[in-house]
Every structure is written in C-alpha cells, then in structure tokens.
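Student: Start counting the sequence shown at 688; every next residue gets the next number (my numbering). Ideal Cβ positions, reconstructed from N, Cα and C, are used throughout, including at glycine.
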Amino acid sequence: MRHQKAVNHLGRTSAHRKAMLANMASSLVMHKRINTTLAKAKALRSYVEPLITKAKEDSTASRRLVFSYLQDKAAVTELFREVSVKVANRPGGYTRILKTGFRLGDNADMCIIELVDYNQALLAAKEAAPKKATRRRRSTKKTDETVVAEAPKVVAPKAKTKDKAPVVEETVVAPVEEKVEPVVAEETTAVVEDTAVAESTDEPAAEAKEETEDNQ
688 MRHQKAVNHL GRTSAHRKAM LANMASSLVM HKRINTTLAK AKALRSYVEP
738 LITKAKEDST ASRRLVFSYL QDKAAVTELF REVSVKVANR PGGYTRILKT
788 GFRLGDNADM CIIELVDYNQ ALLAAKEAAP KKATRRRRST KKTDETVVAE
838 APKVVAPKAK TKDKAPVVEE TVVAPVEEKV EPVVAEETTA VVEDTAVAES
888 TDEPAAEAKE ETEDNQ
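1. Does chain C have any CB closer than 8 angstroms to the CB of LEU757?
2. Can you give the beta carbon distance from LEU697 to ALA730, rounded, assuming they're within the 8 angstroms contact cut?
3. Cutting at 6 angstroms between CB atoms, please list the residues of its own chain near ALA728, excluding the five before and the five after it.
4. Label THR787 either buried or exposed according to how many other C-beta atoms from any shown protein chain fall within 10 Å of its C-beta, with 16 as the threshold for buried.
5. Just reading off the alpha helix (DSSP H) that LYS729 is part of, what are its end residues?
6. Using beta-carbon positions only, say whether ASP759 and SER713 come within less than 8 angstroms of one another.
7. Could you work out which residue in MET711, LEU725, LYS741 is closest to LEU752 when comparing CA atoms only?
8. Using only alpha-carbon positions, find the residue among ASN710, HIS718, SER701, ALA706 that is nearest to ASN806.
9. Start and end of the beta strand (DSSP E) containing GLU801?
10. Out of LEU810, ARG824, LEU802, which one is the CA nearest neighbour of LEU715?
11. Using three-state DSSP, classify ARG720 as helix, strand or coil.
12. Quick check: the Cα distance between ALA808 and ARG777, rounded to an integer number of angstroms?
13. Mind checking LEU636: buried by the 16 CB within 10 Å criterion, or exposed?
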C-alpha cells in the first residue's frame, strides 16, 4: 500500500523522473502548452510553478537556481524575459490542465497542460463576455431597527386617548345628581304618610275619651 505518499514516482527511478520533468518543464516554457498524461501533468505542475515564482525576481542567484532544475539555457532565458513579465501580477496558479479524453491502446487519461496567460482564445472569450450585474441583498437588521424605533410613535396617541376617557366619565356625573331628587320626594311622602297614620291613630283615641266622659 502507498498510503500517505505525496510523490508520484510515475514508474521511474529518481534520476529518470527528474530528467523527464526537466525536459517537460523546458518544453512547457518554450511552447506554452504540451500534451501529456494526467498523472505526468499533475507532477509537472508542482515542479514548474515554483520555478515561475522564482523567475519573478530577476537575479543571478535566481537564474542559477532555475537552471539547476531546467538544465536548458534557452528555457531559462525565455522564462525570465517573457513568462515572468506576463505573470507578474498573478499570485500563483500559472498552469491549467484540460482533459482531452483517453488514449487508444492503454486507455490512459490524456490532457493538455498550458500556461494560463498564453491561452488567447480563453482570454478573448472572457473579455467579450458581458459582466453579470451582481446585486447585494440588504440586511434585514436595519429594517427591524426602524420598525422598533417607530413603534413608540404609534403607541403615544393611544396613551393620550386613554387619558381623555376619564374626563368624559366625569361629565356624565351630572345626571346622577338629578336622580337624587326623586329620592328626597319619596322621603317626604313617607313622612307625610307617617303623619297621616299618626293623626288617624289619634282620632280613635280622642273618640274613646269622649265616650268615656259621656258615660260618666
């Protein structure tokens, strides 16, 4: 099992693998795109991209270090003069892998590996394509805050109407005083009736006294 093995040996010895990757990197720098298998393209990408980053700093030390990997003076010159200027503003990701299908015979997965900034067809298509207008959704937090702020304004008039309600009840007190008068009248009638009863009781008593006097 080859668990946790980051390096793909590609079925070759170390010296053979390094020589093959150096030749493929030189071909990629000179021709800007090459056709190979997917496994070799992935190994080449991790091999050549650090060299392109190093080429952004044009110095004798950088040239010697890149030459130790490529072993090709023409490729080193092309890399420092042309490619490094083209990818100066790109912070990585200098290569692109495009799958092309399977090879007849062994059915190997084939692809094209190329430098991103040298594919004129894709660059022209991106420039010609209209830019989509992006819209940002407004956050609902602001709307919630405004609703909460406006809420006291709506409640304020209701409080005033509640204060006015007791005032109306005080004005209704007047008819209550008018109702008190019939009660007084009833009391007077009751007193008159009491006096009438008293007089009626006094009359029989007086008649009884007169009868007793006559008998005597």
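Tutor: According to the structure shown:
1. Judged by its chain identifiers, the structure shown contains no chain C, having just a single protein chain.
2. Sequence index remark: in the sequence shown, residue 697 carries index 10 (1-based). Sequence index remark: in the sequence shown, residue 730 carries index 43 (1-based). About 6 angstroms separates the two Cβ atoms, so the contact holds.
3. Position 41 of the sequence shown, counting from 1, holds the residue named residue 728. Excluding residues within five positions, the ones whose Cβ falls inside 6 angstroms are ILE784, CYS798, ILE800.
4. Looking up residue 787 in the sequence shown gives position 100. Classification of THR787: exposed, given that the 10 Å Cβ count is below 16.
5. Residue 729 sits at position 42 when you count from the first residue of the sequence shown. Note, LYS729: alpha helix (DSSP H), 725-742.
6. Residue numbering aside, residue 759 sits at position 72 when the sequence shown is read from its first letter. Residue numbering aside, residue 713 sits at position 26 when the sequence shown is read from its first letter. Contact: yes.
7. Indexing the sequence shown from 1 puts residue 752 at position 65. Here the closest residue by C-alpha is LYS741.
8. In the sequence shown, the residue the question calls residue 806 occupies position 119. Closest by alpha carbon: HIS718.
9. Start at 1 with the first residue of the sequence shown, and residue 801 comes out as number 114. Here the beta strand (DSSP E) through GLU801 covers 796-802.
10. Position 28 of the sequence shown, counting from 1, holds the residue named residue 715. It is LEU802 whose Cα lies nearest to the Cα of LEU715.
11. For the purposes of this step, residue 720 is taken as residue 33 along the sequence shown, with counting starting at 1. Strand.
12. Translated into the one-based positions of the sequence shown, residue 808 becomes position 121. Translated into the one-based positions of the sequence shown, residue 777 becomes position 90. A straight-line Cα-Cα distance of about 19 angstroms links ALA808 and ARG777.
13. No statement about residue 636 is possible, as the shown extent of the chain runs from 688 to 903 and does not include it.
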